Amino acid sequence: MDAQKYDQFSYKDFVLDDDFRAWLNGTAPENDHQWEHWLQANPSRHPEIEKARKIVLALHFQGKPVPAYDIEQQWKRLESSIAVSDVQKTVADPPRRLGLRRVFKLLAAACVLTGAFFLANRYLTNHQAPASAYAPVESKTANGQQRKLVLPDGTRVTLNAGSAISYPEAFEGNIRKVTLTGEAFFDVVRNEKAAFVITTGDVVTKVLGTSFNIRAYPENKAVQVAVVSGKVKVNARIGSEDQNACVFLSKSEMATFQQEAGELIVSTYDEKEQIGWKDGMLYFQKSDFKSTILKLERWYGVKFEVAPGVRMDADWRFSGKFQEKPLDYILGVMSYPNRFSYKVNDSIVKLQ
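In terms of my numbering, the sequence shown is residues 21 to 372.
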């Protein structure tokens, strides 16, 4: 990454830059530290970065990332064939065909992009203007999927399967708020003037800049916050009378909030068990049958059908570490010795 060349870049230059798009799309993790350092050292460049970020993510949302050559060619074609006057009109006008430069100018004026747009022929269709500024952005993953995101402040998020995160299109003021359901790993860009706050049900996690994992699947009836670096404050609402429990966590510590018991407990944790998922590791530690099935459904994007004759002992527990193993392999380990037979048909797993 040649950081000096970015000092005078416009948002158009960033959109066309291969290194910028690779970093934003999560395909160049080796450059993460350099980009974060550059963003911290160049706060005046944040407006151009934010415009470019929205455009790149909008194009990427439609499918695979758009090559720079295609962007440049369509840009030139549009500039030569579409008028760019009347850019001062409000973005609330009825939908119409827009040139890419007009889209960029309207985007800069509105500071918001709620719908993805396409380039001409393959990427440009009618553009519906946003109804209001700073509408929340929501990103979801289905079972069997994971997703990497870059938030408006440069914070990187890895979203696990069966999860959802909501955040504003631009962070403002002295707080950066997001809402999470499911599980995600956060690598938060440090900002002493704006705390980063994640709400997961009755638990609020607050940091300035650190890395940590939050697991908050509703069916688990528990929220776990595991800290990899830095310090984290965890608040949990207990009962219905707004009673709060609060703990401060450091590296290698984890807070577990048991919703039914109303307890907030601090402990150490096994990093592979809590965070290995983002590196392709599926981990089980004395997991009962129901929890094991739920985890497999999320991880592989399948649905289990268990025949009435399949009965596991109440004290049956499953433990194991599986690095990018196929489902058949894990089912074979689970069923040994002859606990059940299984058949996988597309996304349906039948246990007999």
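For glycine and all other residues, C-beta sits at the position ideal for the given N, C-alpha and C. Since the model is a prediction, treat every value here as computed from it, not as a measurement.
Cα-Cα separation between Tyr349 and Trp336, rounded to whole angstroms: As a first step, residue 349 is located in the sequence shown; it is residue number 329 there, counting from the start. As a first step, residue 336 is located in the sequence shown; it is residue number 316 there, counting from the start. Their backbone Cα atoms lie some 19 Å apart in a straight line.
Inter-residue Cα distance where the pair is Gly250 and Glu280: On the sequence shown, residue 250 is found 230 positions in, with the first residue counted as 1. On the sequence shown, residue 280 is found 260 positions in, with the first residue counted as 1. Taking the straight line from one Cα to the other gives about 29 Å.
Nearest-angstrom Cα separation, counted from Ser361 out to Arg210: For the purposes of this step, residue 210 is taken as residue 190 along the sequence shown, with counting starting at 1. For the purposes of this step, residue 361 is taken as residue 341 along the sequence shown, with counting starting at 1. When rounded, the distance between both Cα atoms is 51 Å.
Presumed contact (8 Å Cβ cut-off) between Val245 and Val252, rounded CB distance: For the purposes of this step, residue 245 is taken as the residue at position 225 of the sequence shown. For the purposes of this step, residue 252 is taken as the residue at position 232 of the sequence shown. Indeed, because the Cβ distance is near 6 Å, the residues count as touching under 8 Å.
Status (buried if at least 16 other CB within 10 Å, exposed otherwise) for Ile195: Numbered from 1 along the sequence shown, position 175 holds the residue referred to as residue 195. Ile195 should be labelled exposed.
Integer Cβ distance of Gly340 from Phe304, believed to fall under 8 Å: Start at 1 with the first residue of the sequence shown, and residue 340 comes out as number 320. Start at 1 with the first residue of the sequence shown, and residue 304 comes out as number 284. Confirmed, about 5 Å.
Euclidean distance between Cα positions of Leu371 and Arg359: On the sequence shown, residue 371 is found 351 positions in, with the first residue counted as 1. On the sequence shown, residue 359 is found 339 positions in, with the first residue counted as 1. About 10 Å.
Rounded separation between Val76 and Arg41 - CA only: In the sequence shown, counting from the first residue as 1, residue 76 sits at position 56. In the sequence shown, counting from the first residue as 1, residue 41 sits at position 21. Computed Cα separation, rounded: 7 Å.
Bridge-paired residues (DSSP) for Arg196: Indexing the sequence shown from 1 puts residue 196 at position 176. Phe216, per the DSSP bridge assignment.
Own chain residues within Cβ distance below 7 Å of Leu314, not counting five before or after: Working through the sequence shown from its first residue, we reach residue 314 at position 294. Closer than 7 Å at the Cβ level, and outside the excluded window around Leu314, lie Glu239.
Residues sharing a beta bridge with Lys341, DSSP: Within the sequence shown, the letter at position 321 stands for residue 341. Paired residues: Tyr303.
Short Cβ contact (8 Å threshold) for Asn255 with Val224: Against the sequence shown, residue 255 aligns to sequence position 235. Against the sequence shown, residue 224 aligns to sequence position 204. Cβ atoms of Asn255 and Val224: closer than 8 Å.
The alpha helix (DSSP H) enclosing Lys315, as first and last residue numbers: For the purposes of this step, residue 315 is identified with residue 295 of the sequence shown, where counting begins at 1. Its alpha helix (DSSP H) spans residues 309-320.
Range covered by the alpha helix (DSSP H) that runs through Ala275: The residue you call residue 275 lines up with position 255 of the sequence shown. From DSSP, Ala275 is part of no alpha helix (DSSP H) but of the beta strand (DSSP E) over 273-278.
Beta-carbon contacts of Lys19 that lie in its chain and below 6 Å, excluding the five residues immediately before and after: The structure shown does not extend to residue 19, since the chain is modelled only from 21 to 372, so the question has no answer here.
Spatial neighbours of Phe232 in its chain, beta-carbon cut-off 7 Å, leaving aside the 5 residues before and after: Along the sequence shown, one-based indexing puts residue 232 at 212. Correct list, in chain order: Phe206, Val245, Ala246, Val247, Val248, Val252.
Rounded C-alpha distance that separates Ile185 from Asp22: By 1-based counting over the sequence shown, the position of residue 185 is 165. By 1-based counting over the sequence shown, the position of residue 22 is 2. Spanning the two alpha carbons is a distance of roughly 32 Å.
Closest Cα partner of Glu203 within the set Thr220, Glu212, Trp58, Glu189: On the sequence shown, residue 203 is found 183 positions in, with the first residue counted as 1. Of Thr220, Glu212, Trp58, Glu189, the residue nearest in Cα terms is Thr220.
Cα-Cα separation between Arg55 and Lys306, rounded to whole angstroms: In the sequence shown, residue 55 corresponds to position 35, counting from 1. In the sequence shown, residue 306 corresponds to position 286, counting from 1. First, the amino acid is wrong: residue 55 is Trp here, not Arg. Answer to the nearest angstrom: the Cα atoms are 41 Å apart.
Collapsed DSSP secondary structure at Phe205 in the structure displayed: The residue labelled residue 205 in the question sits at position 185 within the sequence shown. Here Phe205 sits in strand by DSSP.
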